[in-house]
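Same order as they appear, the protein sequences are chains A, B, C and D. Using the working numbering, read the first sequence as starting at 5 and increasing by one per residue. Using the working numbering, read the second sequence as starting at 998 and increasing by one per residue. Using the working numbering, read the third sequence as starting at 262 and increasing by one per residue. Using the working numbering, read the fourth sequence as starting at 977 and increasing by one per residue. Backbone N, C-alpha and C fix where the C-beta goes; we use that ideal spot for every residue, glycine too. Every value quoted in this text rests on a predicted model; they were computed, and no experiment measured them.
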Amino acid sequence: MQSTGPDLDTVPKLLMHNAGTLGSRPAMRHKDFGIWQAWTWAQMLEEIRALSIGLAELGVKRGDKFAIIGSNRPRLYWAMCAGQALGAVPVPVYADAVADEMAYVLAHAEVTLGVVEDQEQVDKLIAVSDRLPHLQQVIYDEPRGLKDYDHSRLMSFDDVQGIGRKKLVSDPQCLAQWEAGVAAGKGSDLSVILYTSGTTGRSKGVMLTFENTIISARNANAFDHLDQNEEVIAYLPLAWVGDYIFSYVQAYAAGYCVNCPETPDTVVQDRREIGTTYAFAPPRVYENVLTLTTVRMADAGWLKRKMFDFFIAFAGRWGEKILDGERVPLGVRLLYGIGNLLVYGPLLNQFGLSRIRVAYTAGEAIGPEIFRFWRAVGMNLKQLYGQTEASVYVTAQPDGEIHADTVGKASPDVEIKISDSGEVMFRSPGVFAGYYKDPDKSAEVITADGWVHTGDAGFFDPKSGQLRIIDRAKDVGRLKDGTLFAPKYIENKLKFYPNIREAVAVGADRDFVCAMINIDLTAVGSWAERNGVVYASYQELAANPLVYDMIAQHVDEVNRSLADEEIMAGAQIRRFLILHKELDADDGELTRTQKLRRGHITDRYSPLVDAFYNGSTTAQISTEVTFDDGHKGVISARLTIREMRPYPARVAKMERAA
Amino acid sequence: MLYREVGQYKSSYAADMAVFPILQDRIGVAVILLVAFVVLPLVSSNFLLNTVLIPFLIFSLAAIGLNLLTGYTGLLSLGTGAFMGVGAYACLKLTTFFPNVDVIVWILASGFVSAAVGVLFGLPSLRIKGFYLAVATLAAQFFLEWCFIRIPWLYNYSVSGAIEVPLRTFMGVPITGPNATALTRYLIVLSIVVALTWVASNLVHGRIGRMWMSVRDMDLAAELIGIRLFHAKLLAFAVSSFYCGVAGAMMVFLWYGGAEADVFAIDQSFLVLFMVIIGGLGTLIGSFFGAALIYILPIALRTIPSAFGLPIRPAAAEQLTFVIVGALIIMFLVVEPNGLARLWQIGKQKLRVWPFPY
Amino acid sequence: MHILYQIFVDPFVQMGTAPDLLVQTLWDGLVAGVLYALIALGFVLIFKASGVFNFAQGIMVVFAALTLVGLHEHGVPAFVALGLTIVVMFVLAFGVERLMLRPLINQSEIILFMATFGLTYFLIGFGQLVFGGSPKVMIAQELYLPSGAFRLKGLGGFVSLQKIDIAAVIIASIMVAVLAVFFQRTRIGRALRAVADSHQAALSVGISLEQIWVIVWFAAGVVALTTGIMWGARSEVSFSLQIIALKALPVLILGGFTSIPGAIVGGLIIGIGEKLGEFYWGPLLGGGIETWLAYVIALGFLVFRPQGLFGEKIIERI
Amino acid sequence: MRAPSSNEAALGEILLAVEDVSLSFGGVRALAGVSFDIRKGEVRAIIGPNGAGKTSMLNVVNGFYRPQSGRITFKGEVRTSMRPYAAARGGIARTFQNLALFRGMTTLDNILAGRTLKMHRGFFWQLLRHGPALKEEVEHRRRVEEIIDFLEIAAIRKIQVGRLPYGLQKRVELGRALAMEPDLLLLDEPMAGMNLEEKEDMSRFIIDVNQQYGTTVALIEHDMGVVMDLSDRVVVLDYGRKIADGTPDEVKRDKDVIRAYLGEPQ
């Protein structure tokens, strides 16, 4: 059942509608104090209303911007809606951002109010308060440690709600006024500003209207037949558009229940307890889970391992066919049933995925092995391609038309075209209203007739008719000899090995391709344990010659597969090294959504890049790092560069690549 | 593997603190109860009921009693047999004085007599612990045993010096004495054992259980969080002896139908202690496992050779049983010092994390 | 009033009027006490060195005696049988160390205690299986142990001293002396004491813990054999002896678990105490109080001196 | 960071006064005529070299040892010797240098055990574990969950404490003491054997306990940095005698203290 209707064009209106029609159904749960606390739609309306009226009493008015900072907790989601009910615009911010990064976004958005999780975030805001002239009030959820703070501009969430509740009692007009305020909201109103942590430069504030998000959400719900019975777990950053649409707007549109985990560390356990039916995650999550599976199974007894391997291999052959409803021999179906009892079912159950009806991977390319693995064991994993600027949905794979290397067909109401330069462009009701306070940039991205430049290079796969994405358009370069060089394409191939966590390929305008690699501490650490390799630190493990040998093998396999592809054969990796530290968002090497910031990395590691191309076999590097507690230090290392032998280009078997 | 815990979330503390929080476990318990109350009565022969099921249940209850004292509170007792005896003799006296009150009431009431005696012999636990306390309980064992023999009043001055169980009926159905059918007695024993197990489970999962375990794990710290050690220990003695007493009364009234004092000799104490240790200290389910292994194993050892047609002298079979049981005890302790319940837990954990090893 | 008289006056009047009976009772108590002390001694040896509360000590007494008699029944000459029995006790010690103590190292004491229960069962079954379950007569004569009795006249009657009892007291005394010398003078003895103080210390002076365990269990086995011969010669060799063996426990409570002099003194107190109690006060209660009197005496001690006669005062530290 | 509180604490009333307490074991003298007081709301440190009698002092305060002479006044009542459980009833909680957890029980049960004194449902209800008994369990579980949340040990609530790493066990032990809602919290080397990060966490918890719940804290600690940061007043023991008493700054400058810590110059 969808909550549709032309009058339901804002999220607060959906809230009031749901409170009426789904009143006693759960709207949110939060594992807190050891058990799942739940709120029905009716209760949630009451909570949000109290907060909203409290905020109004504090002076929040239509058009104000207010920040939301913290992890996924019901009260922060409520704050979004409470503000929206007043016509104010929430600006969710990445909670793990350091104070400095946060200051830029908050100052740019001119936020007047911050709703934050705890003392940690309050401290950050206090630290940069001199740069935030508009900020008048900070509201916190968790009072711990804040007792002795100066409360002249600080107030607890409970107190704000208290103000609202008191007002509701004392002023009989208040309720009607508030409801009138909600009714006054329009679909075309600005609903949220989401700052994208761009891979280059300062982040930009993407403005989305209610219409943008609600139409996209309804289309998505209809596309996958989502209704009020879904259970989802909210664990992705609040500032990411995916979470905003998926844990917030889609939930309000379909009326399903959003569950907030106890802590970020217990997401797997919490997901398992709830048994989510609809999931949305970047490939990294699926990859980590698979790595965990591999690592744990490596410690299992011989017999169990054999059984596991047999059934996984069997599922690899038949699982996807069964999932897609194809006809398979009865024997296969029977054996798959046994496999389901012994392996697939328990496996999905361990990770809380057995009730999944639809799971999406998005944000980046997923390794085909990983993608097929999850589908083979019976989870309906699909790909979608989206952007903040599109209110997420650009393309998605319909049930039964799933391919590991494509991202699907145009989502409902979305038009797509490939520009002459090979860039993917789209037009849809979800197209954003522009970048906040940056009309020049907006005009650059949105054409006069409403098409949006995605910045991604791609093409339509002739066989499946689905979109394929190669790389960021601006990252696609050429080697000196003119060979096409798509760094991400190569990096993804590397990253599909569990031992490789991150890779950076360099080669544009150079003679050949080189790669800097980050090993995966979980996978390689477990390998080290099994093989008696002793190490005291990440750095030591990364420098181990045996680890180098292992990674060299992976690189070699990647080269072989590149040699199979006509246009990529010249871009094989000739030299590589293993980095001495993990690439980290705190050091600006990754974005907060864990994407490479390529330019920054090549600057930072320029001595290494130089060493690649001047023939050195080792390279010295010192880098400044930021520790978890915020203080900085320098680590330096001498890294070994390993030489690889490329494969001759073969006659292409282009059945997939074309 | 069989455990599918997705979607089993708890939204109240009551649900979270339930004894069986996992759905599959609840189903398992229901199945076991169904089998015990319905299936077994339908399919069991009198032999099976009399020689296997009834004694197994009675020993399980005694083992639970001792487990509350030794496993949960950490007080080693070698007087179980005597406390069982107190229950049996008390029941005899009570039903003699008040023949018209239902004997089931007296079976349960005799537990209170046993509890009182238990408290009396638990008094030294104020000052002593460990093996020293074990010796104190031996005093109880031998003194009470002596009483059972030397005080004719206890066995109603019967010529044989043994308890002779009188016929008692409940709503016209004979439940004790020679006319009571095995099935009736089985169902009564089963009901009492199930009910008392439930009660024991309630106790150990609540404040009192935590209090006992605190005393067991670190008595000094327990005292420093405000627990009166003496009270906690005496309560453990009382509850433990209650269970043993009821088990003893059931043993004579619902199983043997008559008994001499030597039934409650030190051997019986040791037997129950074995059950508790092999089953697993500090677990209720272990008490059942232990009773099954220690009681049923010898029966199996005696019956299996003859079932295969191997001629074996009864005496030799008995001796062989001793050898095997002794060796098994050592072997079990070597393999899993925490008892069968621990093995069970490990197995269950394996099933829960399946297909992973951990 | 009458009952008070019976308890507090009458027994002492009897002692005074018939001193021969008193001396006879004391002697019987002394002999029983010596044998209790011997069982307790074997126990203390093992507890000191390996921290194991060896419940099987009593059954080792029976097992040793049974083996000796059993071998002789099968035609083995008495002294060869004695030698063979010593070998059997060594094999037992070795087996216990290998199959029981070593795998259970670092387990809690209650687990080790339970393991000795298992050993008890095993030995009961094994002994009967091999040598039969019926009571046997000790080969006292073949071992040149005296029989018959001295009758000492005097004290208004006579006192009868069984020669075997005298022998038992002498042999027990020799045994204790030998052990004392062994502990004080020999290298192994010093090692044993080191172990008793601290396993770490023992390891650091280069003594294998395993060897020491074998040695103490073997020593306890020899003590058990001696006890078994004496006790067997006085009554008969049967498994009913194990109940008497339990008497070692109150002896230990009195003497402390780690003290050899304590075991001896405790044994004597218990032996004499229960004989006096049985003879003079027992009839008041209908007799047979011997079965539990020892425990009650021990219990009384426990409440007033929990660490035993010779144990050190325990100061609990946290 | 918490400069303002020390003056206020100095004004607080006396919660516990130790007067001329002496204690010896056999011939060994552990405490000799020690006197000091603990005021409501303060963090009081007891420091001194090894064997100075610090732990003995705590053991006397919570009734585990009986002093041979001297007087202890707690909440205005003279208690020369009280049983440990009576001390607990009076509102004194305690953690130990070498941990005294109930190792066979889970984190949750350990902390719940700390609530034993606050639970009153009788034996009969405990037999049923329904109705009032269950209601009481649930109420206390809620309170315990607050402590779990406070100490950030949610992820280990159902793990047997014996299997936890040392630093977490220390935290659970603090949790159990907090569950008693004590007026006076005695901490015996709360940071012994911890790494820097764990020490910082523990310091934060101690400060929060003191500030948020107003619990009076008396702690023994070796790490002088921690002591100086945390405590309002410090008493210094050496060979069972008090050699100094005052604010951290005063104590730091005291000649006797310097001598005790650095050894007497010959």
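- The residue from A:S626, A:L346, A:M383 and A:T597 with its alpha-carbon nearest to that of A:R608 is A:S626.
- In this structure, the beta-carbon distance from D:P1224 to D:V1202 does not fall below 7 Å.
- Within the DSSP secondary-structure output, A:Q141 pairs in a beta bridge with A:L117.
- Residues of chain D with a Cβ closer than 8 Å to the Cβ of A:F37 are, in chain order, R1118, E1121, E1122, I1124 and D1125.
- In this structure, B:F1227 and B:L1123 form a Cβ contact; the two beta carbons are roughly 5 Å apart against a cut-off of 8 Å.
- Residues V1120 of the same chain have their beta carbon placed closer than 6 Å to that of D:L1088, with the five preceding and five following residues left out of the count.
- In this structure, A:V381 sits near A:L351, with a CB-CB distance shorter than 7 Å.
- A straight line joining the alpha-carbon of A:F250 with that of A:T365 spans about 13 Å.
- Where A:I577 is concerned, there is no enclosing alpha helix (DSSP H), although the beta strand (DSSP E) around it starts and stops at I577 to I582.
- Excluding the 5 residues flanking it on each side, C:F419 has same chain C-beta neighbours closer than 8 Å at D281, R412 and L413, in chain order.
- Contact annotation: the region 165–172 of chain A touches the region 53–72 of chain A, with at least three C-beta pairs closer than 8 Å.
- If you look at A:P96, you'll find it in the beta strand (DSSP E) that goes V93 to V97.
- If you check the CB distance, D:R1152 and D:G1090 come in under 7 Å.
- Judged by DSSP secondary structure, D:L1195 falls outside any alpha helix (DSSP H) and instead within the beta strand (DSSP E) spanning T1192 to I1196.
- The continuous alpha helix (DSSP H) containing A:W306 extends over residues W306 to L327.
- Per DSSP, the unbroken beta strand (DSSP E) holding D:V997 starts and ends at I990 to F1001.
- Membership of A:A285 in any alpha helix (DSSP H) is not indicated; the residue belongs instead to the beta strand (DSSP E) covering Y282 to A285.
- For the region 1269–1281 of chain B, residues whose beta-carbon sits nearer than 9 Å to a beta-carbon of chain C comprise L1270, F1271, I1274, I1275 and L1278.
- By the C-beta density criterion, C:L265 is exposed, having fewer than 16 other C-beta atoms within 10 angstroms.
- From the beta-carbon of D:R1079, the residues of chain B found nearer than 7 Å are D1214.
- Against chain A, a Cβ distance below 9 Å from D:A1063 picks out nothing, because the smallest value is about 29 Å.
- Secondary structure of D:P1224 (DSSP, three-state): helix.
- The criterion of a C-beta distance shorter than 7 Å is satisfied by B:I1291 and B:F1271.
- Two segments are said to touch when three or more pairs of C-beta atoms, one from each, lie closer than 8 Å; by this definition the region 274–294 of chain C does not touch the region 311–319 of chain A.
- In chain order, D590, D591 and K636 place their CB closer than 7 Å to the CB of A:T630, counting only its own chain and leaving out the 5 sequence neighbours on each side.
- The three-state secondary structure of B:P1171, taken from DSSP, is strand.
- In this structure, C:L373 keeps its C-beta atom at 7 Å or more from the C-beta atom of C:I320.
- Beta bridge pairing from DSSP links A:H34 with A:Q41 and A:C264.
- Proximity to C:G379 across B:T1318, B:V1350 and B:Y1355 peaks at B:T1318, based on C-alpha coordinates.
- A Cβ of chain B is located within less than 7 Å of the beta carbon of A:N353.
- As the crow flies, the alpha-carbon of A:S207 is around 14 Å from that of A:G438.
- Listed in chain order, the alpha helix (DSSP H) runs fully inside the region 461–525 of chain A are 491–499, counting runs of at least 4 residues.
- In chain order, G450 place their CB closer than 6 Å to the CB of C:F444, counting only its own chain and leaving out the 5 sequence neighbours on each side.
- Here A:V396 is buried, its C-beta having at least 16 other C-beta atoms within 10 Å.
- Annotated as distal: A:R578 and A:Y651, with beta-carbon spacing of 7 Å or more.
- Distances from the CA of A:T392 to each of A:A243, A:R66, A:V559 and A:A238 were compared; the closest alpha carbon is that of A:A243.
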